[in-house]
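What follows is one structure encoded as structure tokens, with my remarks underneath.
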Amino acid sequence: MQKNLSSLFKFLFLLSKKKRITAYYLQILLYMNTTFFKPFFLFNATLLVSFCACSPKSNIESSSIPQQNITQNEGVSDAENEISSPPLLPAETDIWDVSDVDISEIAPDKKLISFTFDDSPSRSLENILSVFASFNEENPDCKASATLFCNGYLFDAQNAHLLTAACALGFELGNHTQSHKDLTTLDEEKLRREIDQTDILLSKIDGKPRHLLRAPFGKANDEVKACSPVPLIDWTIDTIDWTGVSEDAIYRAVFDNRFSGAIVLMHDGYQHTVDALKRLLPDLKADGYQVVSVSKMAKAHGCNLQKGKHYIRARKQNSSS
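Going from the sequence shown to the working numbering is simple: count from 1 and add 2.
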């Protein structure tokens, strides 16, 4: 019996290769429907139904599914007939997500310039916010905002609430690392910790998992860029306000070098910076500018910032301005 069954299944296999399996198999099943073969009958009957349903010769077709003939080019190899994969596009996570960035208050006729403040939050952040709040109240058609690049070690109960107030004014929170160390001197584990710890603190304020990164001292080598989960933001105009230069020197550094798409570097914690802001905001508006955060300017200018890339400005795309 073992030999007969082996011969039988070998015969079925050969017939299936010639696509005549359904008719012959039915005849064999009729033969198997005897007392001796009854234990195999139910299994084989089920198998027959499967063959009929899957057979390319089946007359049962779904009218709701369009049928498509796929032909192979003669004289062309199998590999050449395969449908090629679409070209690889940058992963969505490589592009800085600005979908939730509100640019409804940006005036379409204004040139844009971005103010950024490093080493935030300091206790004098309140003075910076006060200047912006007063300006916005007087100029509802040209509201100003900025990006605060924050250090985790500066957070405390007395100044963290100021970051919440900054967000309410339309400011953006950025990451300036946990302890302001030179990232190029750190191994990968310590580097990631410097970034992640501050992101966690900031997310408790604005609810965002990641924030634009400014490397301390502007130092970022290939290893730092490869580890960064976000774009790295440098600057076009450096006010060097941290050196103790005068209010007028800060003003001239910005106003004399202004252009649409520029990123200005200032610092939180200096009164002469606050005093320069009182002049810069109205004078830039009078010259056709609006001061905004980095992400707002990038979105308004159509600049797709990519993670691990270095940016010193965000010019308007397809513009010579």
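We put the beta carbon where it would ideally sit given N, CA and C, even for glycine.
Is residue i helix, strand or coil when you go by DSSP?
| i | result |
| --- | --- |
| V103 | coil |
| H178 | coil |
| C144 | coil |
| L171 | coil |
| I314 | coil |
| F219 | helix |
| L1 | A question about residue 1 goes unanswered here, because the residues of the chain that appear run from 3 up to 323. |
| I197 | helix |
| L185 | helix |
| L214 | coil |
| P89 | Its pLDDT being 42, under 50, P89 is placed unreliably by the model, and the measurement read from it follows with that caveat. P89 falls in the coil class under three-state DSSP. |
| I72 | Residue placement at I72 is poorly supported in this model, since its pLDDT is 29, which falls under 50; the coordinates still yield a value, given next. Looking at I72 - three-state DSSP - the assignment turns out to be coil, as it is neither helix nor strand. |
| N46 | For N46, the pLDDT reaches just 47, beneath the cut-off of 50, and the residue's location in the model is therefore unreliable, although a value from the coordinates is still provided. Residue state, collapsed to three classes: helix. |
Let's test the definition: count the other Cβ atoms within 10 Å of the Cβ of residue i and tell me whether it reaches 16, buried, or not, exposed.
| i | result |
| --- | --- |
| K192 | exposed |
| E139 | exposed |
| A222 | buried |
| K206 | exposed |
| S106 | exposed |
| E196 | buried |
| Q160 | exposed |
| S101 | exposed |
| I130 | buried |
| S295 | buried |
| Q180 | buried |
| I115 | buried |
| T166 | exposed |
| T187 | exposed |
| D201 | buried |
| F146 | Residue 146 is actually Ala in this sequence, not Phe. Its Cβ being crowded by 16 or more others within 10 Å, A146 is buried. |
| S230 | buried |
| H163 | exposed |
| C305 | buried |
Measuring alpha carbon to alpha carbon, tell me which residue in the options is nearest residue i.
| i | options | result |
| --- | --- | --- |
| P123 | S116, D111, G176, W98 | G176 |
| N141 | L267, Y291, A217, G263 | Y291 |
| V266 | Y272, Y253, H274, D277 | Y253 |
| A300 | A264, K221, E249, Q273 | A264 |
| F117 | F173, H163, D224, L164 | F173 |
| D99 | L114, R216, Q308 | Q308 |
| S262 | I314, L204, C152, R194 | I314 |
| H178 | A168, T245, K145, H213 | H213 |
| D285 | N306, F257, V296 | F257 |
| G220 | S230, D184, T200 | D184 |
| T238 | A148, R260, G310 | R260 |
| D250 | E225, V276, P231 | V276 |
| T149 | L127, F119, F134 | F119 |
| D104 | S297, C305, S136 | S297 |
| K280 | S136, L127, K227, T241 | S136 |
| L282 | V133, C305, E190 | V133 |
| A168 | L127, H274, D289 | L127 |
| Q199 | L156, Q319, S248, K112 | L156 |
| A278 | T241, D289, N306 | T241 |
| K112 | A316, G209, K287, P211 | K287 |
| D189 | D224, I97, D289, R317 | D224 |
| I97 | K318, H312, R317 | H312 |
Report back the beta-carbon spacing between residue i and residue j to the nearest angstrom; my notes put them in contact at under 8 Å.
| i | j | result |
| --- | --- | --- |
| D243 | Y272 | 5 Å |
| A109 | D143 | 6 Å |
| P233 | H182 | That pair is no contact at about 19 Å. |
| H269 | D121 | 5 Å |
| L203 | G154 | 5 Å |
| R216 | F151 | 4 Å |
| G310 | A228 | 6 Å |
Using a C-beta cutoff of 7 Å, does residue i count as contacting chain C?
| i | result |
| --- | --- |
| R216 | Here chain C cannot be found, since the structure has a single protein chain. |
Following a CB-centred definition, is residue i positioned closer than 6 Å to any heavy atom of the ligand SAM?
| i | result |
| --- | --- |
| L185 | This structure lacks the ligand SAM; in fact it carries no ligand of any kind. |
Only counting runs of 4 or more residues, tell me where the alpha helix (DSSP H) segments fall wholly within the segment 230-309, in order along the chain. 249-257, 273-288, 296-302
Query raised in the report: Which full runs of the beta strand (DSSP E) of 3+ residues lie inside the segment 110-137, going along the chain?
Result: 113-122
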